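Chains as they are written, first to last, in UniProt numbering: chain A, 1 to 249; chain B, 1 to 249.
Structure first, then comments.
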DNA sequence: AAACCTTGTTTCGTCAGATGAAACTAATAC
DNA sequence: GTATTAGTTTCATCTGACGAAACAAGGTTT
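This is the structure:
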């Protein structure tokens, strides 16, 4: 599974996987965790016990289920946000939202998925809502393609050969789309991932040229036709460049 | 060390201990971590590698040191704050600060220490500053004694027999103070833990009678004489009762 | 320049201890 | 009643976590 030097500790990896279950669900029973992580229930029991003893998870007295504990809160309080894109780029994202009056989202790649790590919603009554923390596949959506367009070959192979790759998406078409995106410098999607929504996305590069994230503007198809989205591109690229400069490598 | 059923996994415990190092310090080198945790450096190396692979820590490219990674941020975003005293009690603490115009702090016990999990500072120019997340010994300070006054016998034994117990504090005096606090319903300290500051503290109980936290008002001794602090007590107790009702057990 | 730290990384033999199967309990459904 | 499910404990097996030691890469002192 992993490619480089195997200097990891299995039990710890498993425990961390258990913690990560709580990104999707705030309350989980032991069996649910065992299913999600595909671990033996005895193992889950022991690992959960350890996590609980250290305060990383706790049991809800009502539901008897597990949830994240105060240690996470404690750690996050001391988290250094000074170089966190989600914090760093927020003001620029708000400016972008104010200019375009559509929802602005920021995505990073995580394994074979992407995560929305920050979002600023349009102020209009009809708008794209964009919960922070949401995870999506890398197969569809403007930001997915931006993230993949500048990914290295190895990663692309991995994503394309993922058994979770949706049957309906042709890999060759996808790969040629990525090429187009590298030429254009932006990606557009119309009702690709979600009915009724369209999005334009551009890459954010650090000064050293490393892909940091994808910046997207999305809204209802009624307002976001292709022509309008192309008009957004220069402003989007400008914002992305500003953001890229803020990253210290 | 542990008292009850040993259902914990050592390597995971150690990995979590490493994570907890970052509560005190935002950047740490491998050797520093090895010292703090008293672990073999090979072990630290492996555990850190695992934590890094999963995104729980990352290396600062500048300093080469480790710091908390995006996974903590990801988890904390999904942290359920609905029953977190630090969030739940904040409005009531702000009201208290507005009424008394002194710094209001909220403490919970964690092992043989207490942690300030929330604070609202006085608006006066000279005021007690109270960083959230700070840890203090349970031997001194008004809130320490409140937390210990209602602790069970076993825990009291543990705290009293802690090798870290400061030499200057007489255990018998301490225990009799706890008794007094249970009778009074509040604790006062004047320049006990920190020169120039005084504090009054009261317990917060859930409806089921469980001790949740200690609520304290503190300020410079110039303004906080004993008489004034006693005047504060009814208001403090009222606030603590309000807070206690908010806790669902 | 060599000698000497300090920090981080890799190797490797050993055996503690993490593991999974299975048994068991307790609770809820049917 | 039986069946089902979630959670807990036990235990024999053998993996894989462990620490010592060697090694590499800077940095500092002599």
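By construction, the Cβ of each residue, glycine as well, lies at the ideal position given by its N, Cα and C atoms.
This one's a predicted model, so the numbers in the text were calculated from it and none came from an experiment.
Quick one: which chain A residues come within Cβ less than 7 Å of residue i?
i, result
"residue 67 of chain B", "80"
"residue 22 of chain B", "75, 78"
"residue 19 of chain B", "75"
"residue 39 of chain B", "Those within 7 Å of residue 39 of chain B in chain A number zero; the least Cβ separation is about 12 Å."
For residue i, which residues in the same chain have their Cβ closer than 6 Å to its Cβ, ignoring the five residues on either side in sequence?
i, result
"residue 1 of chain A", "Confidence is the limiting factor: at residue 1 of chain A the pLDDT is only 35, short of 50, which leaves the residue's position unreliable, though a coordinate-based value still follows. If we look at residue 1 of chain A and ignore the five residues flanking it on each side, it has no Cβ neighbours."
"residue 246 of chain B", "88"
"residue 109 of chain B", "147"
"residue 33 of chain A", "18, 21, 44"
"residue 189 of chain B", "141, 142, 199"
"residue 237 of chain B", "202"
If the cut is a Cβ gap below 8 Å, which residues of chain A does residue i touch?
i, result
"residue 8 of chain B", "46, 49, 50, 53"
Could you compute how far the alpha carbon of residue i sits from the alpha carbon of residue j?
i, j, result
"residue 38 of chain B", "residue 44 of chain B", "9 Å"
"residue 74 of chain B", "residue 21 of chain A", "11 Å"
"residue 178 of chain B", "residue 35 of chain A", "48 Å"
"residue 103 of chain A", "residue 18 of chain B", "39 Å"
"residue 101 of chain A", "residue 85 of chain A", "21 Å"
"residue 242 of chain A", "residue 56 of chain A", "37 Å"
"residue 170 of chain B", "residue 183 of chain B", "20 Å"
"residue 137 of chain A", "residue 220 of chain A", "21 Å"
"residue 106 of chain B", "residue 223 of chain B", "20 Å"
"residue 256 of chain B", "residue 168 of chain B", "Residue 256 of chain B lies beyond the residue range present for chain B, which begins at 1 and ends at 249; the question has no answer from this structure."
"residue 274 of chain B", "residue 208 of chain B", "Examination of residue 274 of chain B is not possible in this model, given that chain B is present from 1 through 249 alone."
"residue 62 of chain A", "residue 23 of chain B", "29 Å"
"residue 9 of chain A", "residue 111 of chain A", "19 Å"
"residue 28 of chain A", "residue 69 of chain A", "13 Å"
"residue 225 of chain B", "residue 11 of chain A", "54 Å"
"residue 233 of chain A", "residue 232 of chain B", "60 Å"
"residue 7 of chain A", "residue 52 of chain B", "11 Å"
"residue 229 of chain B", "residue 133 of chain B", "25 Å"
Taking Cβ to Cβ, would you say residue i is nearer than 9 Å to residue j?
i, j, result
"residue 159 of chain B", "residue 165 of chain B", "yes"
"residue 143 of chain B", "residue 199 of chain B", "yes"
"residue 135 of chain A", "residue 115 of chain A", "yes"
"residue 92 of chain B", "residue 239 of chain B", "yes"
"residue 65 of chain B", "residue 59 of chain B", "yes"
"residue 13 of chain A", "residue 54 of chain B", "yes"
"residue 16 of chain B", "residue 197 of chain A", "no"
"residue 217 of chain B", "residue 79 of chain B", "no"
Kindly list the residues whose CB is nearer than 7 Å to the CB of residue i, restricted to its own chain and excluding five residues on each side of it in sequence; keep chain order.
i, result
"residue 146 of chain B", "181, 187, 201, 202, 203, 214"
Please list the partners that residue i has in chain B, where partner means a Cβ-to-Cβ separation under 7 Å.
i, result
"residue 13 of chain A", "50, 54"
"residue 26 of chain A", "78, 80"
"residue 178 of chain A", "Residues of chain B passing the Cβ test: none, with the nearest at roughly 25 Å."
Along chain B, which residues have their Cβ under 9 Å away from the Cβ of residue i?
i, result
"residue 76 of chain A", "68, 72, 73, 75, 76, 77, 79"
"residue 84 of chain A", "70, 73"
"residue 236 of chain A", "Simply none; closest approach about 23 Å."
Identify, in the order they occur along the chain, each residue of the same chain with its Cβ nearer than 8 Å to the Cβ of residue i, setting aside the five sequence neighbours on each side.
i, result
"residue 211 of chain B", "147, 150, 151, 203, 204, 205"
"residue 30 of chain B", "41, 44, 45, 48, 66"
"residue 90 of chain B", "118, 120"
"residue 130 of chain A", "103, 105, 116, 119, 121, 218"
"residue 26 of chain A", "67, 68"
task = Give the residues from the region 90 to 109 of chain B that approach chain A closer than 7 Å (Cβ to any Cβ), ordered along the chain.
result = none
Contact residues within the region 105 to 135 of chain B, judged by C-beta distance below 7 Å to chain A = Within the region 105 to 135 of chain B, the qualifying residues are 132, 133.
ask   = Any residues in the region 140 to 161 of chain A with a beta carbon nearer than 7 Å to a beta carbon of chain B? Which ones, in chain order?
value = Residues: none.
query = Taking any Cβ of chain B, which residues in the region 192 to 216 of chain A have a Cβ under 7 Å from it, in chain order?
reply = none
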